[in-house]
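Residue numbers (my numbering), protein chains in the order written: chain A, 100 to 286; chain B, 100 to 286.
Quick reminder that beta carbons are idealized off the backbone N, C-alpha and C, glycines included.
As the structure is a computational prediction, the values presented were derived from the model and not from experiment.
Notes follow the structure.
There are 2 protein chains.
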Amino acid sequence: MGILEATQAVEPLSLESAKALAQIIERKSLKKGQHVLYFGEVDKYMHFMVQGAGRVYYEHDGKDITDYLALDGQFLGGVISMFTGKPSHKAIEILEDSEVESLHYPSFERLCAQYHDIERLGRKMATFAFLEAQERIESIRFHSAAERYAFLELKYPGISNRIPLKHLASYLGTTQVSLSRIRAGIQ
Amino acid sequence: MGILEATQAVEPLSLESAKALAQIIERKSLKKGQHVLYFGEVDKYMHFMVQGAGRVYYEHDGKDITDYLALDGQFLGGVISMFTGKPSHKAIEILEDSEVESLHYPSFERLCAQYHDIERLGRKMATFAFLEAQERIESIRFHSAAERYAFLELKYPGISNRIPLKHLASYLGTTQVSLSRIRAGIQ
DNA sequence: CTCCGATTTTAACATATGTAAAAAGCTAAG
DNA sequence: CTTAGCTTTTTACATATGTTAAAATCGGAG
C-alpha cells in the first residue's frame, strides 16, 4: 500500500485530483543504513514507508534519541521542518531494506490551492496527525515505560525483533537498562 | 481579540467567507468556576479565550490533572472529542471571570465544504495545532519540570499569580510538592 | 566451526521525585 | 482584630529509574 491508497481511505478524490497527486509522488528502494533526511536539511517531502522500517531521530545532550518509528504502511514523518521550511534538527534513517514513497510538499500545497478536494484531504490528514500527537502526549504523561512497551508490542507484533533495543528504549523515553529490566519482568 | 481576528492572521478570508464564519461564532461572559464542557459531553465547539483564563482537565487515577491552560487570546481546546464526535473524557473549566468565543464545529465543517478559503484556513489551523502538539511532546520529553516551569513563566509572565499551584503542577506533569521545591530553588 | 564485534542483560550504586503529613502563610468574613 | 478555611511550603521517607561497568549472549565473516 502506498500514499495514494492510504489517502483515498481518508478522503476519496476525483480522478483528476488523484492523477495530479500521483504525479508528485516518488518511489524508491532504500538500503538499511541509508538516510532519507540528514540533520540541517530542509525536509521537502512527506515520506511513507511502503515496506520496511525507519526512524526519525535526533541528538540530545550527546545522545541519540529515536523520536518516531515507522513500519510497513505508515507515514515516516512528524518532521516539523516540512511544515516550517526551516532546517531540520531531526534526521530520518532506514532500518531495514525498504520501499519508500515521498510526496513533494511544496507541490502538494500548490495542488491544495488548485483542487478543493485535495485541500480537504490536507485538512483531514493534518487533523489526524494532530489527534495522533495528542494521543502520544497522553501516552507519555499517563503510562509507564512498561505499559508503553507492552502497547507497542501489541500494536506492532514482533517489533522488538526488528528494531534494536536502544532505539525502542529512547523512543519510549527510557533507557536500554530500564527496558531490559522491564522485559525481564523484574519491574 | 476574538476568533475572527486570530484566524485572519493565519489565512485572510474573502468578505463573504468571513461573514459566513462570523455567523457561527458565539460570544459569552462566564464566571469563575463555570464549565464550558463537562465530562461525558460531546464537544461541538472550538473555544477561544478572549479575556480571562481557563483550563482543560481530567481525572486520572482519582487525581485531577490539568491538561491544558489558556489565557487571554488563546484557543481553549485540544479536545479530541470535537474532532471525533465521541464523548469527552476531558472537561473545560473557567478559572477567572472571562469572555469566551465558541465556534460551532459541525457548521465549520459545512463551511469548509462550501468555501475553499475556509477549508484552507482549517488545514492551516490543524497544521498549527499539530506543530504545537509536537513542540509539547519535545518539551515533555527533553525538559525537566523546572525548565518547563521557567519557560511557562517566561511565556506567560505572572501566570503563577493567576493559576493555583496545583493546576500548574499537574499541567507540568509534576506534583505540587515538587513544584514548590523548584520554586524554592532547592532543585 | 570459531572468533570478533555488537547487542542485551545483570549488578551495584546514586539520585531525583513521589507520598503523606505537618507547619506556615494568606485571605476573607464576622 | 480574630478566626476558619484554603493554599503553599517544608520535612521525612520510600521507591523507581538513571548511571556506569562488567558479564553474557547473539550473529555474521572468514
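Which residues of chain B have a Cβ atom closer than 7 Å to the Cβ of residue i, listed in chain order?
i          : result
Thr-106(A) : What Thr-106(A) touches in chain B: nothing, since even the nearest Cβ is about 14 Å away.
Thr-226(A) : Phe-182, Ala-225
His-159(A) : Phe-241
Ile-179(A) : Leu-230, Gln-233
Reducing DSSP to helix, strand and coil, say where residue i ends up.
i          : result
Ser-277(B) : helix
Ser-116(A) : helix
Tyr-137(A) : coil
Gln-286(A) : Summary for Gln-286(A): the model assigns pLDDT 47, below 50, so the residue's position carries little reliability; its value from the coordinates is reported in the next sentence. Note: Gln-286(A) maps to coil in three-state DSSP.
Leu-271(B) : coil
Gln-107(A) : helix
Ile-262(A) : coil
Ile-102(B) : helix
Taking residue i as the query, report the chain B residues whose CB atoms sit under 9 Å from its CB, ordered along the chain.
i          : result
Ala-190(A) : Those do not exist, as Ala-190(A) stays about 15 Å from chain B at its closest Cβ, beyond 9 Å.
Anything in chain A within Cβ reach of residue i, meaning under 9 Å, just list it in chain order.
i          : result
Ala-169(B) : Result: empty, since nearest Cβ-Cβ is about 15 Å, beyond 9 Å.
Starting from residue i, find everything on chain A with Cβ-Cβ shorter than 7 Å and list it in chain order.
i          : result
Gly-221(B) : Arg-222
For a contact defined as C-beta to C-beta under 8 Å, what are the partners of residue i on chain A?
i          : result
Arg-154(B) : None at all; the shortest Cβ gap to chain A is about 15 Å.
His-215(B) : His-215, Glu-218
Tell me residue i's beta-bridge partners as DSSP assigns them.
i          : result
Gln-213(B) : For Gln-213(B), which the question treats as bridged, DSSP gives no partner whatsoever.
Tyr-156(A) : Thr-165(A), Ala-190(A)
His-146(B) : Leu-175(B), Ser-201(B)
Lys-127(B) : Val-199(B)
Leu-170(A) : Ala-152(A)
Beta carbon of residue i: closer than 7 Å to some heavy atom of the ligand COA?
i          : result
Phe-227(B) : The model depicted lacks the ligand COA and carries no ligand whatsoever.
Could you work out which residues of chain B lie near residue i, taking near to mean beta carbons separated by less than 8 Å?
i          : result
Gly-272(A) : Arg-240
Beta carbons nearer than 8 Å to chain B: which residues of the region 108 to 127 of chain A have them?
none
Short-range partners of chain B found in the region 248 to 259 of chain A, where Cβ spacing is below 7 Å:
none
Quick check for students: name the residue ranges of the beta strand (DSSP E) that lie wholly in the region 180 to 257 of chain B, counting only runs of 3 or more.
190 to 193, 197 to 203
Give the residues from the region 228 to 239 of chain B that approach chain A closer than 9 Å (Cβ to any Cβ), ordered along the chain.
Flagged, chain order: Ala-228, Phe-229, Leu-230, Glu-231, Ala-232, Gln-233, Glu-234, Arg-235, Ile-236, Glu-237, Ile-239.
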